[in-house]
Amino acid sequence: MRLINFTKQQGISLIELMVSLAIGLLLISAATTIGFSSIFAGKEGIQQTNLNETLRSIITEASRDLRRAGYSKNMSLSPLFRKAYLSQNSTIKGKDAYQCIIFIYDNYDGSSASSGNGILGNEDMFGLTFKDNQVFVLLNGDTSTTTCSGSQADGWYPLNSTNKGMPKITNFYFTVDTTPTVTKNTAATPQQIGALAIGNITLYIDGDSLQSAPSGSNKFKSTNFQSTLSQTIQLRNLPVIQ
2 MRLINFTKQQ GISLIELMVS LAIGLLLISA ATTIGFSSIF AGKEGIQQTN LNETLRSIIT
62 EASRDLRRAG YSKNMSLSPL FRKAYLSQNS TIKGKDAYQC IIFIYDNYDG SSASSGNGIL
122 GNEDMFGLTF KDNQVFVLLN GDTSTTTCSG SQADGWYPLN STNKGMPKIT NFYFTVDTTP
182 TVTKNTAATP QQIGALAIGN ITLYIDGDSL QSAPSGSNKF KSTNFQSTLS QTIQLRNLPV
242 IQ
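In this note's numbering, each number is its position in the sequence shown, counted from 1, plus 1.
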């Protein structure tokens, strides 16, 4: 009589091994997806912050000089400095807006520590404009400047970069609230009483977090965020519109 010895199976079967591998792959895939999502979420957060900080720094820099528009150390000299030239007028987002302003204030000329020397010079000429996705500021412009058509050789310098990886400025414009001037003075060329002066000016700036829109179907591609900032500035020296 043959004796048959039945031995108990040791370890796991091939089917159990395949099921375990499948579950492991699913867990690894889920963990990888969560990890990449966290990385890209952090990247997008940085992009948003960078965009907002860029817009805020530009509007802060632009408003700093604008606040002094029309200032002069001597009221009898105010007609020399209380001037503003507006141009590039158009309707933007339903607003009667401008994209160029030339303004003047009595700035120190470098030979004096005090602000203003009472003489109209290149150091007193300032301006703001927008072209080719860049905000430009005028520094040390010619005293005959009344428009924003110049270049860096004329004293125009960009406040933002258009390099890849930097936020893109899509628009920069401003609106003005005017008020009749009632200033009297004894200067040789007195300011015209009743002429319109700028009382308040509101700056608007729009931007994208990317220089160009993302393309392709990659679900992990960068997202293009958009943001708008505005700031209203009171011009206490009431520069007169020319």
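For glycine and all other residues, C-beta sits at the position ideal for the given N, C-alpha and C.
Write down the C-beta distance between residue i and residue j rounded to the nearest angstrom, noting that I regard them as a contact closer than 8 Å.
| i | j | result |
| --- | --- | --- |
| A198 | T180 | 6 Å |
| N201 | I234 | 7 Å |
| R83 | P240 | 5 Å |
| L236 | L67 | 7 Å |
| R292 | L204 | Coverage of the chain is limited to positions 2 through 243, which leaves residue 292 absent and any answer about it impossible. |
Just tell me which of the options has its CA closest to the CA of residue i.
| i | options | result |
| --- | --- | --- |
| Q49 | G208, P159 and N108 | G208 |
| I242 | T182, I234, T203 and T233 | T182 |
| D133 | A23, N172 and I120 | N172 |
| G71 | Q153, N108, Y158 and L140 | N108 |
| L211 | A23, T55 and D66 | T55 |
| T61 | L18, A31 and V138 | V138 |
| N238 | F131, T229, A85 and G156 | A85 |
| V136 | K74, I16 and I206 | I206 |
| K94 | L22, S228, Y174 and T34 | Y174 |
| L160 | Q235, I29 and L140 | L140 |
| T224 | I47, S162, S21 and L87 | I47 |
| C149 | R83, A31 and S88 | S88 |
| L52 | F226, Q232, G25 and S231 | F226 |
| S73 | S162, T33, N118 and A23 | N118 |
| I59 | S213, Y158, D178 and A196 | Y158 |
| D178 | S152, K96 and F131 | K96 |
| A63 | G156, A154 and T130 | T130 |
The alpha helix (DSSP H) that contains residue i, what's its start and end?
| i | result |
| --- | --- |
| L139 | No alpha helix (DSSP H) contains L139, which is instead part of the beta strand (DSSP E) from Q135 to L140. |
Go to residue i, then tell me how far its beta strand (DSSP E) extends in each direction, as first and last residue.
| i | result |
| --- | --- |
| F82 | Premise fails: F82 lies in the alpha helix (DSSP H), S79 to F82, not in any beta strand (DSSP E). |
| L197 | L197 to D209 |
| P159 | W157 to P159 |
| T147 | Taken as a continuous stretch (DSSP letters only), T147 belongs to no beta strand (DSSP E), as it is neither H nor E. |
Considering only DSSP beta bridges, list what residue i is partnered with.
| i | result |
| --- | --- |
| T180 | A198 |
| K132 | Q135 |
| S228 | G208 |
| N90 | Y99 |
| Q235 | N201 |
| M126 | I105 |
| I120 | Its beta-bridge partners do not exist; DSSP assigns none. |
| Y174 | Y205 |
| I242 | A85 |
| K74 | According to DSSP, K74 bridges with nothing at all. |
| N165 | Going by the sequence as given, residue 165 is Lys instead of Asn. Its beta-bridge partners do not exist; DSSP assigns none. |
Using 8 Å as the limit for Cβ to Cβ distance, is residue i near chain D?
| i | result |
| --- | --- |
| D155 | In summary, chain D is missing from the structure at hand, where a single protein chain is found. |
Exercise. Would you call the region 139–157 and the region 165–173 touching, i.e. three or more CB-CB distances under 8 Å?
Worked result: no
Exercise. Using 8 Å as the Cβ pair cut-off and three pairs as the minimum, do the region 98–106 and the region 119–132 touch?
Worked result: yes
Exercise. If you pair each beta-carbon of the region 43–54 with each one of the region 76–83, do three or more pairs fall below 8 Å?
Worked result: no
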